[in-house]
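Below you'll find the structure, written out as structure tokens, and then a few comments.
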Amino acid sequence: MVLVLFLVTLVSSAAVGVVNSLTSGLIEKVKIEKQVQAIRAVVPAFDNDPMTEKQIVKADGGELEFYPAKANGQLVGTAIKTFTNNGFGGLIELMVGFTPDGSIYNYSVLSHKETPGLGSKMDTWFVKGAKGDITGKTPGAQGLQVSKDGGNVDAITAATISSRAFLDAVNRAAKALAESAK
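So the sequence shown is residues 50 to 231, counted in my numbering.
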């Protein structure tokens, strides 16, 4: 009986290992493609390969990835992969695009575990023309804050914690960008 259970466990473990090794390359490829799409979505049109010019920058509590976007050799924007651990559901990862003057061009939510229908609305809440629109804003030294905290960004209804966390990630990227320009 124990031998049968051992064999079943061994075969199952081997099968999981084989499936993992077969799919790990594809999973990594999809992850990179998602990141490339996010970069394209958050900065103006470019003709270089930002992935090959990636820079790692140390920031509050971690590392951010900077992807410079250039057209005809001129910087048109910087996409920054940023994060916060302050979400209602924990880690939130964003790609935030900045123009050369430091204003926000656009953003893309890469991952989060926020409440569906509430905090998960960050995907569209802060985009151009939406109620919490952050595009065109320059975070500055104070950073962006929700109106409940004295700022000028409308929080997601019933998801103030998620909104604060989102802006924390954006502000982390803006601060790192400003410091890297010094």
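The C-beta atom is built at its ideal place from N, Cα and C for all residues, glycine as well.
This one's a predicted model, so the numbers in the text were calculated from it and none came from an experiment.
Three or more Cβ pairs closer than 8 Å define a contact, and the segment 91-103 falls short of that threshold against the segment 180-190. Taking a cut-off of 8 Å for Cβ pairs, the segment 52-67 and the segment 115-128 do not touch, as fewer than three such pairs fall below it. For ALA108, the enclosing beta strand (DSSP E) stretches over residues 104-108. Distance check between GLY151 and each of ILE76, ALA225, VAL68 places ALA225 closest, using alpha-carbon atoms only.
Per DSSP, LYS186 is not a residue of any beta strand (DSSP E), being assigned neither H nor E. In the DSSP assignment, no residue is bridged to VAL68. Straight through space, the alpha carbons of LEU167 and SER157 are spaced by roughly 17 Å. Assigned with DSSP and collapsed to three states, THR209 falls in helix. THR131 is bridged by DSSP to LEU143. The C-alpha of LYS197 is placed about 32 Å away from the C-alpha of ARG89. In the DSSP assignment, ASP172 falls within the alpha helix (DSSP H) that extends over 171-174.
SER160 counts as exposed, since fewer than 16 other beta carbons sit within 10 angstroms of its beta carbon.
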